[in-house]
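Residue numbers (my numbering): 437 to 896. Built from N, CA and C at the ideal position, the CB exists for glycine as well. This one's a predicted model, so the numbers in the text were calculated from it and none came from an experiment.
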Ligand code: GLC
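As structure tokens, then:
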């Protein structure tokens, strides 16, 4: 244990999920303490939170934990070039040359309506759109601070406003991505070693965030990105978050302004957080966040569904990106993958939304999620007329095919459950789910199988 010891309060502080079950968890003593060496660590440890703050986080995050699946949208001047959102930096484009894109960015009106419709259809419950990416261009009305913003340039109107309205019209929660790093602003880099520049740039940054938190009604997520070249002190991140929560008492914020925030953000990978801390895995549908015309490395709907299942199994969220074209239209490959995922979720959503932490993982062709005593077996590679789980330590009571409710026959002994009389061809596409009702919380123990399974006395 050693350094991994945390107090119950810290544990509760880090999660909004399943407060009741955590409070009741064995081995978490109210008197266990944080080891001294951890308290003395130089970089800002999470500040001690009051019970009221912990309860408040659980309240703010409830919808998000239930949602599981969101749409990320990367859209800006880089979309005009169609060479990835890092094109300005990675092709060394001078600021004045890059700025000319702002006049050429002329998206169709209300492009965001199609994004929101697609998100809804795809079973996504919230959206997070780039309000300002590293390039420094503001998709919203930032004219109090800069003319490098959509209403003053090619678009001639506030694109964030259109997006917010579109998301709300579909009943989706609204998130704002905001990059602290800024390649356009003259102080964006020199703030690192010029105190006057830092002060100006912090005022600019806090000012823009204030605009975002003030002018668009209730915002559900603030998604900071890249804090280069400053740390939390330099950004005055405590003060930044305080302002955000004063303006938006229900919002949740991520951890990329160098403070822990409400949730972690593993990128292009699915890595669950420890100790029940909330997390969201963000991922591209091909290999680029912003539109990159030639990037055709699309993930299949099966891959996306598998990823979503993995997130849901470990009580994380999956934030899946689209990179609209400069006119705002969605690449057709993204539309078809997300549509298939949505159709699958219509039949199988019960196994994803509001899922609980799931212990069973072992199979050659399936993965698992859980809700209460129901285990969902997601078969990616359908092996034929029967499928098996080994080492299930609870009693199966009944099983059904999630897509059509049909009863599934099964036989269970100490070592395995065999689900039998199944069709040879996979009944659902691209993943077939069997809902397995158990007599208690499903647990799997494959070492038990390895040790206890009867062996022949070969060679003795
Ligand atoms: C990275 C990239 C950025 C992208 C972000 C999404 O920080 O720099 O382009 O917006 O990941 O998580």
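Original post:
Are the stretch 750 to 757 and the stretch 708 to 725 touching by the rule of at least three beta carbon pairs closer than 8 angstroms?
Top reply: yes
**OP:** Would you give the residue range spanned by the beta strand (DSSP E) that residue 951 belongs to?
**Re:** Outside the shown range of the chain, which is 437 to 896, sits residue 951, and nothing can be said about it.
Original post:
Quick one: does the C-beta of residue 874 sit closer than 7 angstroms to a heavy atom of the ligand GLC?
Top reply: Residue 874 Cβ: outside cutoff for every heavy atom of the ligand GLC.
Subject >> residue 611 and residue 561 closer than 8 angstroms at C-beta >> reply: no
Original post:
Going straight from the alpha carbon of residue 807 to that of residue 553, what length do you get?
Top reply: 28 angstroms
**OP:** Go through its chain and collect everything with a Cβ distance to residue 584's Cβ below 8 angstroms, but skip five positions before and after it.
**Re:** Excluding residues within five positions, the ones whose Cβ falls inside 8 angstroms are 535, 538, 572, 573, 574, 578, 620.
Subject >> Any chain B beta carbon closer than 8 angstroms to residue 530 >> reply: The structure shown contains no chain B; it is built from a single protein chain.
Original post:
Of all the beta strand (DSSP E) runs that stay within the bounds of the stretch 605 to 691, which reach a length of 3 or more residues?
Top reply: 609 to 615, 657 to 661
Original post:
CB-CB under 8 angstroms to residue 662, same chain, minus the five flanking residues each way: which ones, in chain order?
Top reply: 570, 615, 616, 617, 692
Original post:
Can we count residue 725 as close to the ligand GLC, meaning its CB is less than 7 angstroms from some heavy atom?
Top reply: Yes, the ligand GLC has a heavy atom inside 7 angstroms of this Cβ.
Original post:
Once you ignore the five residues that flank residue 814 on each side, which residues in its own chain have a CB closer than 6 angstroms to its CB?
Top reply: 745, 802, 803, 867, 869
Subject >> Inter-residue spacing [alpha-carbon to alpha-carbon] between residue 778 and residue 738 >> reply: 12 angstroms
Original post:
For the ligand GLC, is there a heavy atom less than 7 angstroms away from the beta-carbon of residue 527?
Top reply: No, since every heavy atom of the ligand GLC falls outside the 7 angstroms radius drawn around the Cβ of residue 527.
Original post:
Can you give the Cα-Cα distance for residue 600 and residue 564, rounded to whole angstroms?
Top reply: A direct Cα-Cα distance of roughly 10 angstroms separates residue 600 from residue 564.
Original post:
Considering only the beta carbon of each residue, do residue 638 and residue 671 sit closer than 8 angstroms?
Top reply: yes
Original post:
Just to confirm, does residue 569 get its C-beta within under 7 angstroms of one of the non-hydrogen atoms of the ligand ATP?
Top reply: For the ligand ATP, the structure offers nothing, since it holds only the ligand GLC.
Original post:
What are the start and end residues of the alpha helix (DSSP H) that includes residue 525?
Top reply: 523 to 526
Original post:
Could you give the distance in angstroms between the alpha-carbon of residue 816 and the alpha-carbon of residue 742?
Top reply: 8 angstroms
Original post:
If you draw a straight line from the C-alpha of residue 633 to the C-alpha of residue 627, how long is it?
Top reply: 5 angstroms
Original post:
Looking at C-alpha atoms only, which residue of 871, 848, 602, 844 is the closest neighbour of residue 858?
Top reply: 844
Original post:
Using the C-alpha atoms, what's the distance from residue 625 back to residue 665?
Top reply: 7 angstroms
Subject >> Start-end ranges of the alpha helix (DSSP H) lying completely within the stretch 476 to 562, minimum 4 residues >> reply: 487 to 503, 513 to 517, 523 to 526, 531 to 535, 537 to 540, 548 to 558
Subject >> residue 686 Cβ short of 7 angstroms to the ligand GLC heavy atom set >> reply: no
Original post:
According to the Cβ coordinates, are residue 648 and residue 576 closer than 8 angstroms?
Top reply: For residue 648 and residue 576, yes; Cβs fall inside 8 angstroms.
Original post:
Is it a yes or a no for the stretch 850 to 864 touching the stretch 878 to 889, going by three-plus beta-carbon pairs under 8 angstroms?
Top reply: yes
Subject >> Pairwise C-alpha distance: residue 798 and residue 805 >> reply: 12 angstroms
**OP:** May I ask you to check if the CB of residue 662 is nearer than 7 angstroms to at least one heavy atom of the ligand GLC?
**Re:** yes
Original post:
Out of 821, 878, 732, which has the shortest C-alpha to C-alpha gap to residue 827?
Top reply: Proximity to residue 827 across 821, 878, 732 peaks at 878, based on C-alpha coordinates.
Original post:
Exposed or buried, which one is residue 526 when buried takes at least 16 other CB atoms within 10 Å?
Top reply: exposed
**OP:** Would you tell me roughly how many angstroms separate the C-alpha atoms of residue 684 and residue 774, rounded to the nearest one?
**Re:** A direct Cα-to-Cα measurement between residue 684 and residue 774 gives close to 31 angstroms.
**OP:** Select from 629, 764, 501, 623 the residue whose C-alpha is nearest the C-alpha of residue 636.
**Re:** Considering only alpha carbons, the answer is 623.
**OP:** Check whether the Cβ atoms of residue 543 and residue 768 lie closer than 8 angstroms to each other.
**Re:** no
**OP:** May I ask you to report which of helix, strand or coil DSSP gives residue 576?
**Re:** coil
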